[in-house]
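What follows is a set of notes on a single structure, which appears directly below.
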Amino acid sequence: MRHNKKFNHLSRKSAHRSAMLSNMTSSLILHKRIVTTLAKAKALRVYAEPIINRAKDDSTASRRMVFNYLQNKEAVKELFQNVAQKIADRPGGYTRILKLGNRLGDNAKTCFIELVDYNEAMLVAKEQEGAAKKKTTRRSRRSTKKAEAPAAETPATEAPAAEE
2 MRHNKKFNHL SRKSAHRSAM LSNMTSSLIL HKRIVTTLAK AKALRVYAEP
52 IINRAKDDST ASRRMVFNYL QNKEAVKELF QNVAQKIADR PGGYTRILKL
102 GNRLGDNAKT CFIELVDYNE AMLVAKEQEG AAKKKTTRRS RRSTKKAEAP
152 AAETPATEAP AAEE
């Protein structure tokens with residue numbers, strides 16, 4: 002029976018798969034965005050997010066545990082110095098997958114996987130959208146209807162007063 006064997010094996014032995022995911026995580030941390038297939042990106046997200054989460058606590062123990070997974074000193078240094086500061090207040094969801102389409106050679110689904118806080122174009126667009134768009138709620142919409150009703154009644158009450 003296949004109980005609790007839900008992760009994608011990616012057609013590789015376990016040593017090859019763990020080495021590949023380790024290298025891809027190091028590349029993601031160093032370059033902030035990589036292009037890969039959709040299946041690998043989904044497997045990478047499951048592998049990388051706990052490692053990135055561990056960077057919030059900058060201690061010797063957490064550095065050693067992260068180095069045990071990545072085996073790359075530059076990636077560990079970048080993760081704990083730069084990436085950890087940007088993700089300090091984020092409760093999770095450190096990566097984003099953006100689908101690109103199919104690859105020409107083998108028609109595999111390709112995508113970007115990137116660190117969320119490092120996509121400057123999306124951050125600028127979000128700030129502009131937030132500044133331009135006024136926050137609305139149901140409560141404010143309902144209150145505008147109440148504000149319009151007395152304004153409509155005011156001329157009606159003033160008109161008979163003017164006739165007298």
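All you need for our numbering is the position in the sequence shown, starting with 1, plus 1. By construction, the Cβ of each residue, glycine as well, lies at the ideal position given by its N, Cα and C atoms.
Could you please give the first and the last residue of the uninterrupted beta strand (DSSP E) stretch that includes lysine 6?
The residue given as residue 6 occupies position 5 in the sequence shown. No beta strand (DSSP E) holds lysine 6; DSSP gives it neither H nor E.
Checklist line | Closest Cα partner of alanine 109 within the set Leu22, Leu116, Lys100, Val84 | finding: Stepping through the sequence shown from its first residue, residue 109 is reached at position 108. It is Lys100 whose Cα lies nearest to the Cα of alanine 109.
Practice prompt. Identify every run of the alpha helix (DSSP H) within the region 34-77, keeping only runs that are complete inside it and at least 4 residues long; order them along the chain.
Written response: 39-55, 61-71
Query - Span separating the alpha-carbon of alanine 132 from that of aspartate 58 - result: As a working note, residue 132 is residue 131 in the sequence shown. As a working note, residue 58 is residue 57 in the sequence shown. So the alpha carbons of these two residues sit roughly 33 Å apart.
Residues that glutamate 115 bridges to, as DSSP identifies them:
By one-based count along the sequence shown, residue 115 stands at place 114. Its beta-bridge partners are Arg34, Arg97.
Closest by C-alpha distance to threonine 96, when choosing among Val47, His10, Arg18, Arg13:
Along the sequence shown, one-based indexing puts residue 96 at 95. Of the listed residues, the one whose Cα sits closest to threonine 96 is Val47.
query = Which same chain residues, not among the five before or five after isoleucine 98, have their C-beta less than 6 Å away from its C-beta?
reply = Your numbering for residue 98 matches position 97 in the sequence shown. Ala42, Cys112, Ile114.
request  = Inspect the CB distances between the region 67-78 and the region 24-38 and report whether three or more fall short of 8 Å.
outcome  = yes
Bridge-paired residues (DSSP) for glycine 102: Walking along the sequence shown from the start, residue 102 turns up at place 101. Beta-bridge pairing links glycine 102 to Thr111.
- prompt: Given glycine 93, which residues of its chain have a CB within under 8 Å of its CB, disregarding the five upstream and five downstream residues?
  reply: In the sequence shown, counting from the first residue as 1, residue 93 sits at position 92. Hits under 8 Å: Glu50, Asn54.
Exercise. Taking arginine 91 as the reference, which of His4, Ser23, Asp118 has the closest Cα?
Worked result: Reading the sequence shown from its first residue, position 90 is the one you call residue 91. It is Asp118 whose Cα lies nearest to the Cα of arginine 91.
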